[in-house]
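Asks: A single structure is presented below for examination.
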Amino acid sequence: AFEADRVTKLPGLSGEIKFNTFSGYLDGEPGTHLHYIFVESQNDPANDPLLLWLNGGPGCSSLLGFFTEQGPFRVNGSQLTENQYSWNKVANMIFLESPAGVGYSYSDSGNYTHDDDSTSANNLLALKSWFVKFPEYKNHDFYLTGESYAGVYIPTLSVRLLEEPSINYKGFAIGNGYLDRVLLGNSAIRFAYHHGLIDSSMWRKIITSCCNNGDESPENCDFVQTTDYKCSKAVAIASNFINNINLNPYSIYEDCRTTASSLAVDTLVTRKHRSNRRKLGWSLIRKTLKQSETMEVEEDHIT
Amino acid sequence: QTIPCVDDAILIRYLGRNDVRQALNIPSAAPDWVDCSTVVSSNYTMQNPSLKTQVAASIKAGKRGLIYNGDTDLVCDFLGDEWFSDQLGFPQIGSYEAWYVNGQVAGFVKHYDGFAYATIRGSGHTVPEYRPAAALFMIEAFLNSTKF
Numbered sequence: 022a023f024e025a026d027r028v029t030k031l032p033g034l035s036g037e038i039k040f041n042t043f044s045g046y047l048d049g050e051p052g053t054h055l056h057y058i059f060v061e062s063q064n065d066p067a068n069d070p071l072l073l074w075l076n077g078g079p080g081c082s083s084l085l086g087f088f089t090e091q092g093p094f095r096v097n098g099s100q101l102t103e104n105q106y107s108w109n110k111v112a113n114m115i116f117l118e119s120p121a122g123v124g125y126s127y128s129d130s131g132n133y134t135h136d137d138d139s140t141s142a143n144n145l146l147a148l149k150s151w152f153v154k155f156p157e158y159k160n161h162d163f164y165l166t167g168e169s170y171a172g173v174y175i176p177t178l179s180v181r182l183l184e185e186p187s188i189n190y191k192g193f194a195i196g197n198g199y200l201d202r203v204l205l206g207n208s209a210i211r212f213a214y215h216h217g218l219i220d221s222s223m224w225r226k227i228i229t230s231c232c233n234n235g236d237e238s239p240e241n242c243d244f245v246q247t248t249d250y251k252c253s254k255a256v257a258i259a260s261n262f263i264n265n266i267n268l269n270p271y272s273i274y275e276d277c278r279t280t281a282s283s284l285a286v287d288t289l290v291t292r293k294h295r296s297n298r299r300k301l302g303w304s305l306i307r308k309t310l311k312q313s314e315t316m317e318v319e320e321d322h323i324t
Numbered sequence: 012q013t014i015p016c017v018d019d020a021i022l023i024r025y026l027g028r029n030d031v032r033q034a035l036n037i038p039s040a041a042p043d044w045v046d047c048s049t050v051v052s053s054n055y056t057m058q059n060p061s062l063k064t065q066v067a068a069s070i071k072a073g074k075r076g077l078i079y080n081g082d083t084d085l086v087c088d089f090l091g092d093e094w095f096s097d098q099l100g101f102p103q104i105g106s107y108e109a110w111y112v113n114g115q116v117a118g119f120v121k122h123y124d125g126f127a128y129a130t131i132r133g134s135g136h137t138v139p140e141y142r143p144a145a146a147l148f149m150i151e152a153f154l155n156s157t158k159f
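In the order they appear, the protein sequences are chains A and B.
For the first sequence, our numbering assigns the number 22 to the initial residue and increments by one for each residue that follows.
For the second sequence, our numbering assigns the number 12 to the initial residue and increments by one for each residue that follows.
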């Protein structure tokens, strides 16, 4: 293991870390420094598989995964508690902050302009750089995992790994992935109706204007790529309604947890800079419609 | 930067502490930690409106796949990713069925030749956050090639 990166203690954690933990930087293209945290398996690190975890965005940190999802610790105020359902109960896990500019990752040039190709290329370089630091893991079964916009990061890295026989790449797992823009845009409208977020009269307006012969089967409807004004308008009204009620889009039955202060800020800036945290089909509908149409759609402007 | 309905203030405060940065070997040249970077997201170019080609190529190359969705997420909803799975063109094996954790329905799963599509019942966008036990069960089954 690469001893310079070893983490011996974490503030807020009572007692020792029970498994080997490393945190440091991996090399992407020259001048690019991508931060990672690696936690060995709590089961059998010498034989358990190795997983790379990527959060999405684009622009969101995989330390969100580490500290709020499947990582070994949860932050509770200034204290750390153990996550009994951490995935490092069964696997060795690398959490990579990518691309440069995300989390603690940075580039010497300060250039944070990225695309899917450059991101996957840098992720591959970083992964190779990780294996240089930890050569003892070369023969472990290796998996790509992640969620949301990692639905792009993972498949694009996967095809690169097909050309890398030195890495024992076995497979991938993608959670709530941004896998197809049009499919997710179209499904979001149906999801909204079938979860009671828009009513039946609005649904009828959408169906009659967006679907061939009013047939609502998925193959007959296109809410995303439509050129029909009535369809665009109906979908925009529905999406504006949902977007302006402070519904938690990430989990519709959970509360909207934004703090009072950030809610106020969010309300003020939301039209232009709505978060890209886990880029979504739903927001893309909203964005596309707002940009492509000059419709007179009423919006509730919350002050 | 704010994220709709998500409050990461505690984590941002923790990872901004000097003693935490020191413990994680973060140099002073590294930026302040934030959950999501507006600079990165606003300067990012999306080049792949669909990942069908890459996912299909990976599966054809013999890589095992799992596509899973928390089913209360509106952001990247389960239906769109189910359609995506269907359209990859791999034959379905068996029927759509429930899978269980501790005797309770944890979600539903569809197996295809080379990969599986699964939902996690009642989970939002970040499955290991909302349904940690089911998520661990699922990933362990996947890694062990155990049908679930």
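Quick reminder that beta carbons are idealized off the backbone N, C-alpha and C, glycines included.
Nothing here was measured: the structure is a model prediction, and the numbers come from that model.
In the DSSP assignment, find the beta strand (DSSP E) that holds W108 (chain A) and state where it starts and stops.
Replies: In the first sequence, residue 108 (chain A) corresponds to position 87, counting from 1. Unbroken run through W108 (chain A): none, as it is neither H nor E.
Asks: Can you find the residues in the same chain that come closer than 6 Å, C-beta to C-beta, to H122 (chain B), ignoring five residues on each side of it along the sequence?
Replies: Sequence index remark: in the second sequence, residue 122 (chain B) carries index 111 (1-based). Once the five neighbours on either side are set aside, the close Cβ partners of H122 (chain B) are I104 and G105.
Asks: R278 (chain A) to P15 (chain B), Cα distance in whole Å?
Replies: Here residue 278 (chain A) refers to the residue found at position 257 of the first sequence. Here residue 15 (chain B) refers to the residue found at position 4 of the second sequence. Cα to Cα, the separation comes out at about 8 Å.
Asks: Could you give the DSSP three-state label for Y30 (chain A): helix, strand or coil?
Replies: What you label residue 30 (chain A) is simply residue 9 of the first sequence in a count that begins at 1. The question names Tyr, yet the displayed sequence has Lys at residue 30 (chain A). In the structure shown, K30 (chain A) sits in coil (DSSP, three-state: anything other than H, G, I, E or B).
Asks: When the cut-off is 8 Å and only beta carbons count, does C252 (chain A) lie next to chain B?
Replies: The count along the first sequence starts at 1 and reaches residue 252 (chain A) at position 231. Not closer than 8 Å to any Cβ of chain B, the Cβ of C252 (chain A) fails to qualify, so no.
Asks: Is it the case that the Cβ atoms of N327 (chain A) and C252 (chain A) are separated by a distance below 8 Å?
Replies: The structure shown does not extend to residue 327 (chain A), since chain A spans only 22 to 324, so no value can be given for it.
Asks: With respect to the alpha helix (DSSP H) encompassing W44 (chain B), which residues constitute its N-terminal and C-terminal limits?
Replies: By 1-based counting over the second sequence, the position of residue 44 (chain B) is 33. Counting along the chain, W44 (chain B) falls outside any alpha helix (DSSP H), and DSSP gives it neither H nor E.
Asks: Which chain B residues are close to K30 (chain A), counting only those with a beta carbon under 8 Å from its beta carbon?
Replies: Against the first sequence, residue 30 (chain A) aligns to sequence position 9. The answer, in chain order, is A34.
Asks: Contact between the region 55 to 62 of chain B and the region 164 to 176 of chain A: three or more CB pairs below 8 Å?
Replies: A contact exists between the region 55 to 62 of chain B and the region 164 to 176 of chain A.
Asks: Contact criterion: CB-CB distance below 8 Å. Does H135 (chain A) meet it with respect to chain B?
Replies: For the purposes of this step, residue 135 (chain A) is taken as residue 114 along the first sequence, with counting starting at 1. Yes, H135 (chain A) lies at the interface with chain B (some Cβ there is under 8 Å from its Cβ).
Asks: Using the three-state DSSP reduction, which class does I104 (chain B) fall into: helix, strand or coil?
Replies: Within the second sequence, residue 104 (chain B) is the residue found at index 93, counting from 1. Strand.
Asks: Identify whether V138 (chain B) lies in helix, strand or coil by the three-state DSSP scheme.
Replies: Here residue 138 (chain B) refers to the residue found at position 127 of the second sequence. In the structure shown, V138 (chain B) sits in a helix (DSSP, three-state: H, G or I).
Asks: State buried or exposed for K39 (chain A), treating a residue as buried only when at least 16 other CB atoms are found within 10 Å of its CB.
Replies: The residue labelled residue 39 (chain A) in the question sits at position 18 within the first sequence. Under this definition K39 (chain A) is an exposed residue.
Asks: Okay, do the region 127 to 146 of chain A and the region 27 to 34 of chain B touch, 3+ Cβ pairs below 8 Å being the bar?
Replies: No: fewer than three Cβ pairs fall under 8 Å.
Asks: Cα separation between Y55 (chain B) and R132 (chain B)?
Replies: In the second sequence, the residue the question calls residue 55 (chain B) occupies position 44. In the second sequence, the residue the question calls residue 132 (chain B) occupies position 121. Approximately 32 Å between the Cα atoms of the pair.
Asks: Please report how far the alpha carbon of W74 (chain A) lies from the alpha carbon of N234 (chain A), in whole angstroms.
Replies: Counting from one through the first sequence, the residue named residue 74 (chain A) turns up at place 53. Counting from one through the first sequence, the residue named residue 234 (chain A) turns up at place 213. Each residue's alpha carbon lies about 45 Å from the other.
Asks: Could you tell me whether the Cβ of D30 (chain B) comes closer than 8 Å to any Cβ of chain A?
Replies: Numbered from 1 along the second sequence, position 19 holds the residue referred to as residue 30 (chain B). Closer than 8 Å to some Cβ of chain A, the Cβ of D30 (chain B) qualifies, so yes.
Asks: Run through DSSP, which three-state label would K158 (chain B) get?
Replies: Here residue 158 (chain B) refers to the residue found at position 147 of the second sequence. In this structure, K158 (chain B) counts as coil in the three-state DSSP scheme.
Asks: Do we get a CB-CB distance below 8 Å when we pair W110 (chain B) with the residues of chain A?
Replies: Numbered from its first residue, the second sequence carries residue 110 (chain B) at position 99. Not closer than 8 Å to any Cβ of chain A, the Cβ of W110 (chain B) fails to qualify, so no.
Asks: Do F152 (chain A) and L90 (chain B) come within 8 Å of each other at the CB atom, strictly closer than that value?
Replies: The count along the second sequence starts at 1 and reaches residue 90 (chain B) at position 79. The count along the first sequence starts at 1 and reaches residue 152 (chain A) at position 131. No.
Asks: Less than 8 Å between the C-beta atoms of E2 (chain A) and E140 (chain B), yes or no?
Replies: Only positions 22 to 324 of chain A appear in this structure, which leaves residue 2 (chain A) out of reach.
Asks: Using C-beta distances below 6 Å, list every residue in its chain close to F126 (chain B), excluding the 5 sequence neighbours before and after it, in chain order.
Replies: Counting from one through the second sequence, the residue named residue 126 (chain B) turns up at place 115. Around F126 (chain B): I70 and G76.
Asks: With a threshold of 16 other CB atoms inside 10 Å of the CB of N113 (chain B), please say whether the residue is buried or exposed.
Replies: For this step, residue 113 (chain B) is matched to residue 102 along the second sequence. With fewer than 16 Cβ atoms within 10 Å of its Cβ, N113 (chain B) is classed as exposed.
Asks: Hey, out of A:E37, A:E61, A:P32 and A:G49, whose CA is closest to F23 (chain A)'s CA?
Replies: Residue mapping note: residue 23 (chain A) aligns to position 2 of the first sequence, counting from 1. Among A:E37, A:E61, A:P32 and A:G49, the Cα nearest to that of F23 (chain A) belongs to A:E61.
Asks: Under 8 Å, Cβ to Cβ, is there at least one residue of chain A near N80 (chain B)?
Replies: By one-based count along the second sequence, residue 80 (chain B) stands at place 69. By this cut-off, N80 (chain B) is an interface position.
Asks: What would DSSP say about R75 (chain B), mapped onto helix, strand or coil?
Replies: Taking the second sequence and counting its residues from 1, the one referred to as residue 75 (chain B) is at position 64. Note: R75 (chain B) maps to strand in three-state DSSP.
Asks: Chain A beta carbons: is any one of them nearer than 8 Å to that of F101 (chain B)?
Replies: Position 90 of the second sequence, counting from 1, holds the residue named residue 101 (chain B). Judged by the 8 Å Cβ criterion, F101 (chain B) is not in contact with chain A.
Asks: Assuming G86 (chain A) and G92 (chain A) form a contact by the criterion Cβ under 8 Å, report the distance between their Cβ atoms to the nearest whole angstrom.
Replies: Here residue 86 (chain A) refers to the residue found at position 65 when the first sequence is read from its first residue. Here residue 92 (chain A) refers to the residue found at position 71 when the first sequence is read from its first residue. The Cβ separation is near 6 Å, so the contact holds.
Asks: Return the residues of the region 54 to 67 of chain B that lie within a Cβ-Cβ distance of less than 8 Å from chain A, sorted by chain order.
Replies: Hits within the stretch, in order: N54, Y55, T56, M57, Q58, N59, P60, S61, L62, K63, Q65 and V66.
Asks: Give a yes or no on whether the minimum CB-CB distance between R299 (chain A) and chain B is below 8 Å.
Replies: On the first sequence, position 278 is the one that residue 299 (chain A) refers to. Unreliable positioning characterises R299 (chain A) in this predicted model, as indicated by a pLDDT of 42, which lies under 50. A coordinate reading is not provided.
Asks: Is DSSP giving V86 (chain B) helix, strand or coil here?
Replies: Residue 86 (chain B) sits at position 75 when you count from the first residue of the second sequence. Correct three-state label for V86 (chain B): coil.
Asks: Is any beta-carbon of chain A found at less than 8 Å from that of D92 (chain B)?
Replies: Translated into positions along the second sequence, residue 92 (chain B) becomes position 81. By this cut-off, D92 (chain B) is an interface position.
Asks: Verify the CB distance criterion: does S99 (chain A) have a CB-CB separation below 8 Å to chain B?
Replies: Taking the first residue of the first sequence as 1, we reach residue 99 (chain A) at position 78. Judged by the 8 Å Cβ criterion, S99 (chain A) is in contact with chain B.
Asks: Since T53 (chain A) is in the beta strand (DSSP E), which residue starts that stretch and which ends it?
Replies: Translated into the one-based positions of the first sequence, residue 53 (chain A) becomes position 32. Start and end: T53 to V60.
Asks: Can you tell me where the alpha helix (DSSP H) holding L146 (chain A) begins and where it ends?
Replies: Here residue 146 (chain A) refers to the residue found at position 125 of the first sequence. Segment D137 to K154, the alpha helix (DSSP H) holding L146 (chain A).
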